[in-house]
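Engineer: Keeping their order, the protein sequence lines are chains A and B.
Here my numbering is used: the first residue of the first sequence is 1, the next is one more, and so on.
Here my numbering is used: the first residue of the second sequence is 487, the next is one more, and so on.
What follows is a structure written as structure tokens; I'll ask about it next.
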Amino acid sequence: MAPPHTPARRAVLALGTLVAGLGLAVSSVGAAAGAAAYLYVGGGGCSDTGAGTAAVPFCTIAKAAKVAVAGQTVLVSSGTYTDEVFPWHSGTAGSPITFQPAAGAVVTIAGAKHGFTISNQSWITVSGFTVRDTTSNAFYVFNATGVRLSNNTARGSGSPVSGATAYGMYLNSMTGSVVTGNLVTDNSASGIYLTNGSTGNQITGNESSWNAYGYVRNAVGIDLRAPGNLVSGNRVHDNEDSGIQSYPGGDLNTIVDNVSYHNKGFTTAALTNCSPPPTGNTAGCITGDHGIDDFGVTGSSVVGNTVYDNVAAGINLEGVASGTPSGFTFADNISVDNAASCPDGVGGTVKCPRTRGDIRVDATSQLGTRLDYDLVNLSVSGTMMVWGSTSYTSLAAFQAASGQESHGRQADPRWNGPGQADFSLRAGSPAIDSADSGAPGQPALDAAGRPRVDDPSTPNSGVGVRSYDDRGAFEYQPPTTRGATS
Amino acid sequence: MSASTTSTQRWQILLGVALTMAVALASALVLGGALRGGAAPAPSAAAQPIAADCTGIGSLVAAASTTTASTHSASPAAVRKGVDTVLARARGLARATASDDARELVQNLADDLAAFRLSVVQSGTDRHADIAATVRADLTALRRLCGH
């Protein structure tokens with residue numbers, strides 16, 4: 001006969017059953033962890049009805065994206081794919097889902113709407129793809145954290161027609177993510193666009209260039225409409241508008257060690273918001289704008305950047321609400337020959353620049369703005385600095401009038417080859433060992449990832465924890481240290 | 487203890503086991519969904535129809551067009567007030583839509599309206615012209631999305 005079921009016994013039985021049930025549940029969840037480490041895409045014998053093994057790979061990346069779960073890596077064979085890839089699952093912090101070409105493979109996604117759409121999924125890594133000629137943004141991220149986009153190329157998104165333009169990388173509500181080492185070029189809207197509360201992201205070491213709407217001056221290399229991001233070590237050049245831009249919403253960003261140059265050009269198209277040049281070929285207009293542009297934003301640091309030969313003021317701050325402290329720091333930058341020459345496009349004399357100066361702070365943005373340890377120069381006479389409504393043709397005049405830039409320098413930075421976009425420093429540069437290493441955001445490594453080095457030939461005139469940091473994006477490597485740090 | 491009582495108790499235990507298993511299975515599904523980013527994996531929202539959003543988008547586009555065109559006839563304060571209203575609608579629509587396409591284009595309009603609002607009084611005519619042209623492009627893109 002069965003023993004009597006006392007209340008205590010019933011409780012024990014129920015608990016035991018619950019534990020057994022939960023055990024089953026956990027084993028069900030754990031099936032993801034037991035999945036194959038790799039899924040394969042492309043090559044002979046492929047089938048989207050298979051399991052994505054090396055022997056029978058999937059034919060499309062989209063199929064792999066549909067089934068991949070945390071911890072799995074999708075390896076893609078060489079080829080040009082036309083599918084839009086949108087992961088159906090999230091990875092985890094310790095086990096992301098990774099998409100990458102197989103070893104030695106060259107993978108292009110072309111002609112899709114998006115290359116990768118990461119929407120409402122997190123902990124996804126996409127590395128090493130070329131996405132080109134998409135009808136919309138090459139990479140689209142929405143409501144995601146822990147995303148990593150690295151070493152990809154985003155090229156030729158959208159069309160330069162009103163209503164059909166597209167970004168290289170459109171990042172909406174993306175947090176805690178990394179965008180690094182990508183080439184974002186020749187897209188029909190801005191290269192990298194952060195919006196709608198995207199914060200805590202690192203945008204580092206990317207090249208964003210030649211992005212243009214074509215019918216309106218508006219494409220930026222890196223466009224910040226969201227706060228609290230690190231923008232570091234990027235090269236932004238030859239864009240239709242500014243190199244790096246912070247617009248309303250883009251407060252409290254740290255913009256350091258970037259190189260922004262030659263964001264300028266002449267188009268033979270008469271853009272809707274440009275006046276044609278007064279002489280020569282009047283069919284087109286000047287494009288391009290600032291190296292680094294901050295409009296109506298507060299609390300950011302612009303430190304250690306190299307800014308050269310942009311069509312308007314090199315580093316620009318304007319539009320802060322009157323009476324509101326900007327909270328901006330400009331320090332350790334090198335800004336040279338901005339708004340100093342017109343492009344060589346057909347037409348000769350042209351309508352430019354719209355604003356002047358290597359550094360410009362407009363009348364409503366002076367309050368709470370700090371400038372120091374910057375190096376500026378013009379190789380032709382012109383406006384060096386703008387402070388409020390006053391322009392200054394020398395740094396000394398600016399210093400005397402504004403009380404800013406007490407450690408600023410006006411001198412040739414002695415770059416190795418600015419014509420070839422080589423902004424590394426030559427021996428004897430006045431930028432060497434003269435920066436404020438305590439400026440907010442000043443990194444311990446330079447834009448090339450090299451350490452700060454004390455040049456024995458140059459007396460240290462910098463301040464902060466290291467008195468030998470160099471101004472600008474690149475640290476001079478004295479001959480005796482080159483071998484050790486290369 | 488009678489045989490019938492024992493049988494009843496066994497049925498109770500079996501029922502308890504069944505219920506517990508059901509709860510555990512449901513928990514597994516929820517946990518699995520949480521780990522994978524959603525209870526039920528769904529295709530990209532971009533593929534979802536935007537027709538439901540287009541009524542609101544049409545209204546928004548009309549209001550934005552009227553407001554941003556009023557810079558020639560209204561005071562800056564009045565323009566900013568009008569833009570504030572449209573901007574709030576745009577942000578609300580960007581949050582509410584389930585379509586990636588609609589969200590992007592409405593968000594773009596919201597971003598550029600924020601800049602437009604500022605440019606009415608805080609910038610030179612060149613920047614204002616740039617931003618106004620961009621807003622017009624945003625509106626064109628929204629009209630195109632909805633086939634207007």
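C-beta: ideal position from N, C-alpha, C; glycine also.
Under 8 Å by Cβ, that's how I've got residue 312 of chain A and residue 289 of chain A pegged, so tell me the actual separation to the nearest angstrom.
Structural biologist: About 5 Å; that satisfies the 8 Å criterion.
Engineer: For chain A, check one thing: does any of its Cβ atoms lie closer than 9 Å to the Cβ of residue 579 of chain B?
Structural biologist: So no, residue 579 of chain B is outside the interface.
Engineer: Give the range of the beta strand (DSSP E) segment to which residue 101 of chain A is assigned.
Structural biologist: Where residue 101 of chain A is concerned, the enclosing beta strand (DSSP E) stretches over 97-101.
Engineer: Do you know offhand how far residue 487 of chain A's Cα is from residue 354 of chain A's?
Structural biologist: Only positions 1 to 486 of chain A appear in the structure, and residue 487 of chain A is not among them; the question remains open.
Engineer: Could you tell me the alpha carbon to alpha carbon distance between residue 410 of chain A and residue 158 of chain A, rounded to whole angstroms?
Structural biologist: So the two alpha carbons sit approximately 43 Å from each other.
Engineer: Rounded to whole angstroms, how far is the Cβ of residue 101 of chain A from the Cβ of residue 124 of chain A, which I believe are closer than 8 Å?
Structural biologist: Contact flag wrong, Cβ pair sits at about 16 Å.
Engineer: With 8 Å as the limit, tell me which residues of the region 152-177 of chain A have their beta carbon closer than that to any beta carbon of chain B; keep them in chain order.
Structural biologist: Flagged, chain order: 162, 163, 164, 165, 170, 172.
Engineer: Using Cβ-Cβ distances below 8 Å, what residues of the region 376-406 of chain A are close to chain B?
Structural biologist: Listed by position, the residues of the region 376-406 of chain A near chain B (Cβ gap below 8 Å) amount to none.
Engineer: Is the Cβ of residue 96 of chain A closer than 9 Å to any Cβ of chain B?
Structural biologist: Taking Cβ atoms only, chain B never reaches closer than 9 Å to residue 96 of chain A, which makes this a no.
Engineer: If contacts are defined as beta-carbon pairs under 8 Å, then residue 221 of chain A and residue 244 of chain A qualify, I think. What distance do you get, rounded to the angstrom?
Structural biologist: The pair is a contact, with the Cβ atoms about 6 Å apart (cut-off 8 Å).
Engineer: For the beta strand (DSSP E) that residue 224 of chain A lies in, which residues bound it at each end?
Structural biologist: It spans 222-224 - the beta strand (DSSP E) in which residue 224 of chain A sits, taken as one unbroken run.
Engineer: Looking at the structure shown, is residue 389 of chain A part of a helix, part of a strand, or coil, going by DSSP?
Structural biologist: Coil, per DSSP.
Engineer: List the residues that DSSP assigns as beta-bridge partners of residue 237 of chain A.
Structural biologist: A:209, A:261, per the DSSP bridge assignment.
Engineer: What's the gap between the Cα of residue 223 of chain A and the Cα of residue 246 of chain A?
Structural biologist: For residue 223 of chain A and residue 246 of chain A, the distance between alpha carbons rounds to 6 Å.
Engineer: Taking only three categories from DSSP, how would you classify residue 232 of chain A?
Structural biologist: Here residue 232 of chain A sits in strand by DSSP.
Engineer: Give me the Cβ distance between residue 109 of chain A and residue 81 of chain A, rounded to the nearest whole Å; I'm assuming they're in contact under 8 Å.
Structural biologist: So it is a contact: roughly 5 Å between Cβ atoms.
Engineer: Hey, would you say residue 475 of chain A sits closer than 9 Å to residue 459 of chain A, going by beta carbons?
Structural biologist: No; because the gap between Cβ atoms is not below 9 Å, this pair is not in contact.
Engineer: Compute the beta-carbon to beta-carbon distance between residue 374 of chain A and residue 328 of chain A, rounded to the nearest angstrom, for a pair I have assumed lies under 8 Å.
Structural biologist: Their Cβ separation, rounded to whole angstroms, is 13 Å, which puts residue 374 of chain A and residue 328 of chain A out of contact at 8 Å.
Engineer: How big is the Cα-Cα spacing for residue 487 of chain A and residue 325 of chain A?
Structural biologist: For residue 487 of chain A there is no data in the structure shown, the boundaries of chain A being 1 and 486.
Engineer: Looking at the C-beta of residue 325 of chain A, does it have a partner C-beta in chain B at a distance below 9 Å?
Structural biologist: It does not; no Cβ of chain B falls within 9 Å.
Engineer: Nearest chain A C-beta to residue 604 of chain B closer than 9 Å, yes or no?
Structural biologist: Yes, contact with chain A.
Engineer: Looking at residue 107 of chain A and residue 78 of chain A, is the spacing between their C-beta atoms short of 9 Å?
Structural biologist: Yes, Cβ-Cβ distance for residue 78 of chain A and residue 107 of chain A is below 9 Å.
Engineer: How should residue 63 of chain A be labelled, buried or exposed, when 16 other C-beta atoms within 10 angstroms of its C-beta is the threshold for buried?
Structural biologist: It is buried - the Cβ of residue 63 of chain A has at least 16 other Cβ atoms within 10 Å.
Engineer: For residue 589 of chain B, go through chain A and note every residue whose CB falls closer than 8 Å to its CB, in chain order.
Structural biologist: Result: 142, 172.
Engineer: So for residue 565 of chain B, helix, strand or coil by DSSP?
Structural biologist: Helix, per DSSP.
Engineer: Below 9 Å between beta carbons: does that hold for residue 549 of chain B and residue 575 of chain B?
Structural biologist: The answer is yes: Cβ separation under 9 Å.
Engineer: Looking only at its chain, what residues have a beta carbon closer than 6 Å to the beta carbon of residue 116 of chain A, apart from the 5 residues adjacent to it on each side?
Structural biologist: Correct list, in chain order: 85, 126, 139.
Engineer: Tell me, which residues are paired with residue 517 of chain A by DSSP?
Structural biologist: Absent from the structure is residue 517 of chain A, since the part of chain A shown begins at 1 and ends at 486.
Engineer: If you drop the 5 nearest sequence neighbours on each side, which residues of the same chain put their C-beta closer than 6 Å to that of residue 191 of chain A?
Structural biologist: If we look at residue 191 of chain A and ignore the five residues flanking it on each side, its Cβ neighbours are 168, 184, 208, 211, 221.
Engineer: Taking Cβ positions only, does residue 539 of chain B come closer than 9 Å to chain A?
Structural biologist: No, residue 539 of chain B lies away from the interface with chain A (no Cβ there is under 9 Å from its Cβ).
Engineer: Can you tell me whether residue 526 of chain B is buried or exposed, with buried defined as 16 or more other CB within 10 angstroms of its CB?
Structural biologist: Residue placement at residue 526 of chain B is flagged as unreliable, the pLDDT there being 36, under the threshold of 50; a coordinate-derived value is accordingly withheld.
Engineer: Quick one: does the C-beta of residue 575 of chain B sit closer than 8 Å to a heavy atom of the ligand GTP?
Structural biologist: Among the components of this structure there are no ligands whatsoever, and the ligand GTP is therefore not found.
Engineer: For residue 51 of chain A and residue 58 of chain A, I'd like the C-alpha separation in whole angstroms.
Structural biologist: For residue 51 of chain A and residue 58 of chain A, the distance between alpha carbons rounds to 7 Å.
Engineer: Measuring only between beta-carbons, confirm whether residue 216 of chain A sits less than 9 Å from chain B.
Structural biologist: With 9 Å as the cut-off, residue 216 of chain A counts as an interface residue toward chain B.
Engineer: Pop quiz: residue 304 of chain A and residue 333 of chain A are said to be a contact at Cβ under 8 Å. What is the actual Cβ separation, rounded to whole angstroms?
Structural biologist: The pair is a contact, with the Cβ atoms about 7 Å apart (cut-off 8 Å).
Engineer: Is the CB-CB distance between residue 41 of chain A and residue 75 of chain A below 9 Å?
Structural biologist: Yes, these two residues count as a Cβ contact at 9 Å.
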